[in-house]
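Just below is one structure, and these are the notes that go with it.
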Amino acid sequence: MPAGFSAADFYYILPELLLTGGALLVLMLSVLTPKQDGLLLVAALATVGATLAVVVSFAGLDVTASRGLLAIDGFAAFFKVVVLLSAALTLLMSSPYLKTEGIQAGEYYFLILCAALGMMFMSSGLDLITLFIGLETMAVSFYILAGFLKPNPRSNEAAVKYFLLGAFSLGVLLYGMSLLYGATGTTHLSGIAAALGGASPSLVVILGVVLVGAGMGFKIAAVPFHMWAPDVYEGAPTPVTAYLSVGSKAASFAMLIRIFIEGLPAVGAEWTMLFYALAVVTMTVGNIAALTQSNLKRMLAYSSIAHAGYLLMGVVVGTERGVAAMLVYLGVYVFMQLGAFAVITMMRRSDIIGEELKDLNGLSKRSPIVAFAMLFFMLSLGGIPPTAGFMGKVWLFGATIDAGFIWLAVIAVANSAVSLYYYLRVVVFMWINEEEGVGSPLTIGPAMSVALGVALFGTVVFGVYPQFLFEHAEAAARSLDGIASITLR
Amino acid sequence: MDLIWLIPLLPGLGAAVNGLLGIRYFSKPVAAGIACAAMGGSLLLSLFAFAQLLGAEHREHIVTIANWIPPIPLETVSGVGQFEVPWAFRLDPLSGMMILIVTGIGFLIHLYSSSYMDHEPRGGYVRFFTYLNLFCFFMLMLVLGSSFLVMFVGWEGVGLCSYLLIGFWYHKKSAADAGKKAFIVNRIGDFGFVLGVFLVFFTFGTLDFREVAEAAAHMPVEAGGFGVISLICLLLFVGATGKSAQIPLYVWLPDAMEGPTPVSALIHAATMVTAGVYMVARNAVLFEHAPNVMFIVAVVGAVTALVAATIGLVQTDIKKVLAYSTVSQLGYMFLATGVGAFSAAAFHLMTHAFFKALLFLGSGSVIHAMNDEQDMQKMGNMRRYMPVTFITMFVGSIAIAGIPPFSGFFSKDEILAYTFQENKVLWGLAVITAGMTAFYMFRLIFMTFFGEYRGPSWEKADDSHGDHGHDDNHGHAWHGPHESPRLMTTPLWVLAVGAIVAGFVGIPAAIGDFIGVGNAIHHFLEPSFTAGLAGHGDEHAGLHLSHAVEWALMAFSVLVAACGIGLAYVNYVRRPERAAQWKTNWAGAHRVLTNKYYVDELYDATAVKGTMASGRGLWTFDKGVVDGAVNGAGWLTRAAAWVSHVLDKYIVDGLVNLVGWIFAEGSYVFRRGQTGLIQNYAVATLFGVFVFVTVYVVARYVG
């Protein structure tokens, strides 16, 4: 056993170990038993399921492991559940898609699991280096996944773009981290917090904060660091886009909160302003740009940029309630966003790409159930009661108003009103336009129907019974170190 | 009464069944049957609940079916409050009256539609009934909701259904545009409404109507200034102007006539557009505490009534006349609420629902008979072909013109009497409006049903045609105007009876004392406007006019209405050439009115163009600048490639081979990375970082 580590450390990273082992198992299975995609799916899902079970059983803990590098707390557990859930849904919706595209499933599933592994470290890391390694693990997996449609130039373009810009932004992020290290002499978040406490921050620290903020802004696709998102979302395979817009975004928000709320509360006044500006610009540009899109994936890319703007409001508020509200919104977002992408994934058939808005023509007639599900996802994304999206917005906007950021809330409400237009346009295409759509009829396999069912279930149930989500989000937010000391700014 | 939650639920279920299964599987009769049965059941339940309400000692009943939003701590003016909203419905006199209107008229219109929409293809037919049922679901939720938030669910829902139904014939560009217009204009109003609701919570710490009213009752009347209640009321009223089509947000309603006629009757005349009036009446206690806003409401109502009536004078599209008439009558209702006559407003809302639904359905019957012709200039002498429609529409017109003893007379005169008492100028406007109303309604009747037939000629078919309405006439040959089938005329008869007798529940004191009948509806509704607070009702119970004045007012308004009718008769029956003369003599005014005061053009030039420009600006930025930069960068890349190629070929080759190899490889890698776009994006990212750093540094060392 390596020096300084105890058996307990291995016990606490059991979920991560399970996931790693499972991922390797999937990779080996794909070599040993080629053409057994069903088996691979089961293996991958079993891995996620087992990991999820252990994560849930750890939910009550609040300890640090591996010499303080990892936190095993409610916050980490919440995000791990979100991440694993989105991984599972992605796997489910991928399996028919891969068949249509003719892709070997083994490496693909392996990469999905690896990305999830990175995300889990991002949500429990307490040290800049740990967090960074988690981020890289996730990012590298996504670079490959984005380009997985090898004969498709758009997919290749997406991968290259994402890789180069990702590398660029990681440079910015690392530079910021190194400045923080230089100013405080430690990479550990609680150490940084202790070193910065009290004294007025130096320029180096401010620069570090801004650069880390920009680097994280890239990951969550906040304007003006969002330029990669539409192109990558459009080019990547649809399930990967879904995973990217949910899993990656959630994990990046986890990292963002860890760094800024656990590590940098002392310079809160500085970064609140930064994120305030980012939130406003992000939601506004995202919504306005989405208005004129005719490609569904591109539209949802801009919509997801806008949602990042809403989520940033929780960070701006920064109190226990703000963070809890953000977690609620994220929890809801998982279901509605993945649901919407599941429908788009389904639209891809052997004879049609099915990503354009007009491909939805008359969907309510051809596939009423799918259209109905999509209706719910769109209403939820738009924040119309009684869907889960409405609950998320109520809670988030409420927290914002509560903390005194009235104008931010007003801007957000105005933005939601604008966003209704393009969400309802999808509904209009499905219901009103009755011309014959093109392509063969939609087929819903067992895997896809499970994915769709889970997403719809979450979107509906959390709309009428959000209590469950509220309680867990609050518990998760409470477990963050030092959050109680943050009062209204 | 504990089952009132079933009242909205039944049409909701109908919509769900038809929407999920019907569009694919059901035949027309099955779908229509389900929709009508849902409404019928809902109507029976409403009648039952209403009967129980009448018999109850305490006429208020609240049913909470589930918890909706769990308690969320949220800041209010008096510390942190609990934001908690249950799914609760409230039955009291006001909502009781509303559910009877919605389910009663809704049911009749469902019946009517099952015949009117018969020439739609099956899918569209089922879709229509799905929307119609869904509308009733939301509308009933709106009127039954016991808190602002539940009402808001209905409020947004009816807006959505209205949008869907206006754009029902989506392939017609005008219909799709009208739907969009209604949606967008209503969003503006809804923004005000939502802000108002926020402020209600912030001020009172609750969204429950009753609790808000009770809390407000203990606050001082903001007579002198403009306090928080005034602001709330003003914001709520902004929402009402959107939904109920008042100045300045009335522009969507005339365009909404692009929807099928039953929709115009149900949504854009009888129910949804009255939601704003209902909402104001529901918050009577709040508005009572904001006299300044009350005055604004009264003025907006009166001016809207007058302006819409003037536009109605010159319209030639039969449905447009009715649309402007609706805007005008809604203005009347707001005038009533503005002068504190809430029960008069609700009374007029009720009678208006009868006669305006009747007029719309009648016009639908005419349009149907004329093979979808809506221009009155191409009609004439229709009473010969469709006597039932003629008689019923005639009844409706007398009712709206305010001739006793038809229903419109009673409700309109109650409003006029209250207005006279409060403000003579507004009363003057209202009387002028009443005269115009009589004129344009009878202009409609005379142009449509009297005079020479001016429509297209038709081929005499072999078989006789006329009173037996063959609906399959449509689609192939048109055999001339004909009476509509029974399924359409029956609702007309029922509504006509309603338009005659509905006024008897509100007989004014002057007549009532004479024949020994009280003003039933006034006493019935009163508790809804006082939140059941004892002693509070005195303020607006009173019409302090002597009977002599009341009689004089009534006589005067009947005289004005009679003059309007007479003028229409002279101009359009006796000497039709005079109408043309007027048109030429007053060409300028006529043009302004025909163009509806150019308000649409004004909005288009300012708000619409402005918004579009900013949207397009962003798009152009994306298209022009970003793509331009991309293309430019692509060109640069190619140029660089060419240069490097030239270098490669003529210079590098001549130099050391190793250096050449490194250079070529480097350029290759370089080129692969330089797709142009990426560079562009990276620059944007860097620019963002630069801006933030600059802002912080500047803020630190300068600020």
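Here the protein sequences come in this chain order: A and B. Residue numbers for the first sequence follow my numbering, so the first one is 1 and each next one is one higher. Residue numbers for the second sequence follow my numbering, so the first one is 490 and each next one is one higher. Don't be surprised by glycine CBs; every beta carbon is placed ideally from N, CA and C. It should be emphasised that the depicted structure is a prediction, and the values quoted were computed from it without experimental measurement.
Worksheet entry | Euclidean distance between Cα positions of A:D259 and B:F693 | Correcting the residue type first, residue 259 of chain A is Ile in the shown sequence and not Asp. Each residue's alpha carbon lies about 39 angstroms from the other.
Item to complete: Tell me, please, whether the CB atom of A:A159 is closer than 8 angstroms to any CB atom in chain B?
Response: no
Discussion item. Between which residues of its own chain and B:A779 is the CB-CB distance below 7 angstroms, once the five residues before and five after are set aside?
Written reply: E711, I718, S719 and C722
Worksheet item: Taking C-alpha atoms, which residue in B:H608, B:L638 and B:I673 lies nearest to B:V740?
Response: B:I673
Fill in: Euclidean distance between Cα positions of B:M768 and B:A524
27 angstroms
Worksheet entry | 6 angstroms Cβ shell around A:L111 - same chain, five flanking residues per side excluded | S141, I144 and L145
Discussion item. Runs of 4 residues minimum, wholly inside the stretch 860–900 of chain B: which ones carry the alpha helix (DSSP H) assignment?
Written reply: 876–890
Worksheet item: Thinking just about the alpha-carbon of each residue, which of B:N781, B:P1065 and B:K670 is nearest to the one in B:A746?
Response: This sequence places Met at residue 746 of chain B; Ala is not what is there. Considering only alpha carbons, the answer is B:K670.
Worksheet item: Can you list, in chain order, the residues of its chain whose CB lies under 7 angstroms from that of B:L824, leaving out five sequence neighbours each side?
Response: A787, G790, A791, A794, I904, T908, L915 and A919
Worksheet item: Comparing alpha-carbon positions, which option in A:E136, A:T100, A:Y181 and A:Q337 lies nearest A:G208?
Response: A:Y181
Fill in: 8 angstroms Cβ cutoff met for A:M122 and A:A342
no
Worksheet entry | Proximal residues, the stretch 273–306 of chain A versus chain B, C-beta separation under 7 angstroms | L274, I288, A289, L291 and T292
Fill in: Where B:R513 meets chain A, residues with beta-carbon distance less than 8 angstroms
K365 and P368
Fill in: Interface partners of B:R676 on chain A, CB under 8 angstroms
A417 and L420
Worksheet item: With 16 other CB atoms within 10 Å as the buried threshold, where does B:C650 fall?
Response: buried
Worksheet item: Is the Cβ-Cβ distance between B:V642 and A:P385 less than 8 angstroms?
Response: yes
Discussion item. On a Cα-Cα basis, can you pick out the residue from B:G1177, B:P610, B:T592 and B:F895 that is closest to B:I756?
Written reply: B:T592
Discussion item. What ranges does the alpha helix (DSSP H) occupy inside the stretch 50–92 of chain A, keeping only unbroken runs of at least 4 residues that lie completely in it?
Written reply: none
Discussion item. On the CB-based measure, 16 or more other CB atoms within 10 Å of its CB, does A:K297 come out buried or exposed?
Written reply: buried
Worksheet item: Does the beta carbon of B:L623 come closer than 8 angstroms to any beta carbon on chain A?
Response: no
Item to complete: Report yes or no: is there a C-beta of chain B within less than 8 angstroms of the C-beta of A:D402?
Response: yes
Item to complete: If I'm right that B:I807 touches B:Q866 with Cβ under 8 angstroms, what's the distance once you round it to whole angstroms?
Response: Going by Cβ atoms, the distance from B:I807 to B:Q866 rounds to 10 angstroms, so no, they are not a contact pair.
Worksheet item: Would a check of beta-carbon distances place B:G656 closer than 8 angstroms to chain A?
Response: yes
Worksheet entry | Assigned exposure category for A:S66 - 16 Cβ within 10 Å defines buried | buried
Item to complete: Find the nearest neighbour of B:S1216 within the set B:W576, B:E703, B:L1048 and B:I887, judged by alpha-carbon distance.
Response: The question about residue 1216 of chain B has no answer, for chain B in this structure spans 490 to 1192.
Item to complete: Identify the contact partners of A:M227 in chain B, using a Cβ-Cβ distance below 8 angstroms as the criterion.
Response: N1169, Y1170, A1173 and T1174
Practice prompt. Kindly say whether B:P876, judged by its beta-carbon, lies nearer than 8 angstroms to any beta-carbon of chain A.
Written response: no
Item to complete: Taking A:G339 as the query, report the chain B residues whose CB atoms sit under 7 angstroms from its CB, ordered along the chain.
Response: None at all; the shortest Cβ gap to chain B is about 17 angstroms.
Worksheet item: Can the beta-carbon of B:M871 be found less than 8 angstroms from the beta-carbon of B:F879?
Response: yes
Item to complete: Could you list the residues in the stretch 550–565 of chain B with a C-beta less than 8 angstroms from some C-beta on chain A, going in chain order?
Response: A555, W557, I558, P559, I561, P562, L563 and E564
Fill in: Selected residue, minimal CA-CA separation from A:D481, among A:G125, A:D351 and A:L40
A:G125
Item to complete: Taking only the alpha-carbon atoms, compute the straight-line gap between B:I989 and B:Y1092 and give it to the nearest angstrom.
Response: 40 angstroms
Practice prompt. Can you check the stretch 230–298 of chain A for any alpha helix (DSSP H) of at least 4 residues that lies completely inside it and give the ranges in chain order?
Written response: 238–243, 249–257 and 268–291
Discussion item. Give me the residue from A:A277, A:F376 and A:T284 with the minimum Cα distance to B:V1180.
Written reply: A:A277
Practice prompt. Name the one or two DSSP bridge partners that B:L580 has.
Written response: B:H550
Worksheet entry | Beta-carbon separation (whole angstroms), A:T51 vs A:L84, contact threshold 8 angstroms | 6 angstroms
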